[in-house]
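Read through the structure below, which is laid out as structure tokens, and then see the notes.
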Amino acid sequence: MTLETVTVAPAAQIPGASITPPSIAPYQGTTAKLLQGHCGQPDYTILDGPTALWVPVVGCISSKSECCPTPMTSDTKPDAPLQTKSTGESQNKPNGNTGGRRAAFPVSALPKQGEITGCPQDYHTVTLSDGTACCPSSYWLWSTQVGGQVPCYSSLNKALVPPPMPDTLAYGEARTSVSGTNSRNVGISGTITPAPLSRPTASTNSKPTSAVVNIAFALRYDLAPKEEPALKSGAKIGIGVGAAAGGVMILVIIMIFIKRRTSRKRSKIGGYEEASVSQRFSSQVDMSRVAHEPAGVARTHGGVKYAGVSTKAVDP
1 MTLETVTVAP
11 AAQIPGASIT
21 PPSIAPYQGT
31 TAKLLQGHCG
41 QPDYTILDGP
51 TALWVPVVGC
61 ISSKSECCPT
71 PMTSDTKPDA
81 PLQTKSTGES
91 QNKPNGNTGG
101 RRAAFPVSAL
111 PKQGEITGCP
121 QDYHTVTLSD
131 GTACCPSSYW
141 LWSTQVGGQV
151 PCYSSLNKAL
161 VPPPMPDTLA
171 YGEARTSVSG
181 TNSRNVGISG
191 TITPAPLSRP
201 TASTNSKPTS
211 AVVNIAFALR
221 YDLAPKEEPA
231 LKSGAKIGIG
241 VGAAAGGVMI
251 LVIIMIFIKR
261 RTSRKRSKIG
271 GYEEASVSQR
281 FSSQVDMSRV
291 AHEPAGVART
301 HGGVKYAGVS
311 TKAVDP
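Here you go:
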């Protein structure tokens, strides 16, 4: 970023704009371009800090509310743009009007209006640490905060010759400070709030004043988070069918489990019956179920013992 010392002149001695820029159509949404006509030309605005910076800004500033995608508020009335020319066109002569008032970064009228739902046609998306935002085509995110937010920037082919800075901006009633933080919940960036200071005297040194001449900045517009779409009817039907099928499968599994458990109990009962017979009659009971030959029967008659008749066949 190239800085040059800028001339500070009494506000009353700075001539006003000789040409009124033509009106442009209000921004109509993502199907339209935002940086039309004079909105695409860099105009200077004051950013206060250790050094009072005179910064060229493309698009939305307080002096060009028609270049903003959402309604803006400002504590000052709009001024004519602080138009500039490149060194080749102006031959090192500044052009434009400061009007003795600041042309600071504006603030959205409502916090939610600081977010847009889609990028304009002449913008593209850039990635933030906490979301997505829009920068003009060929613009990218700056590395640090400028004017309360991390803005978009682009290098210029030719250096600009800045107009004089009004003394009321450099060290007067309308001096501004870059208070505020870069937050998605505070509209479009932080604000540049007025901080009235006394004019410098012989014993008071004013801040150094410098102008950026080789880079143009632009406001970054955060994209509103996308709302999760509600489930379609087809998805709801699918969920219902899936739940019903899952319930049926669970019932089938439970029935199979009960059936197997019952069959196991029955098999155990049969084993207990066989074991109980053996336990009742001790181990001497012959469980082979094979018919055995009965023992011979002896009888006595008149003191004489007779053998019983054998049931075996006698070989001849």
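Here the UniProt record's numbering is used: the first residue of the sequence shown is 1, the next is one more, and so on.
Glycine included, C-beta positions come from ideal geometry on N, C-alpha and C.
This structure is a prediction, so every number in the text was calculated from the model and none was measured.
- Taking 8 Å as the cut-off, the beta carbon of P69 is found no closer than this to the beta carbon of L35.
- For C134, the uninterrupted beta strand (DSSP E) segment begins and ends at 131–136.
- For S210, the enclosing beta strand (DSSP E) begins and ends at 209–212.
- Non-local C-beta neighbours of G118 in its own chain, meaning closer than 6 Å and more than five positions away in sequence, comprise T30, ordered along the chain.
- Per DSSP, the continuous beta strand (DSSP E) segment holding Y123 begins and ends at 123–128.
- Between L47 and A133, the gap from beta carbon to beta carbon reaches 8 Å or more.
- Assignment of beta-bridge partners to C152 by DSSP yields L141, A218.
- Taking C-beta atoms as the reference points, L53 and P151 fail to come closer than 8 Å.
- The beta carbons of A9 and P162 sit no closer together than 8 Å.
- The beta carbon of G242 lies closer than 6 Å to none in the same chain, with the five residues before and after it left out.
- Straight through space, the alpha carbons of A245 and Q28 are spaced by roughly 50 Å.
- Closest option to S62, judged by alpha-carbon separation, among H124, T51, Y44: Y44.
- Its chain contains G131 as the residues whose beta carbon lies nearer than 8 Å to that of P225, once the 5 sequence neighbours on both sides are disregarded; these appear in chain order.
- Between P15 and S129, the alpha-carbon positions lie close to 44 Å from each other.
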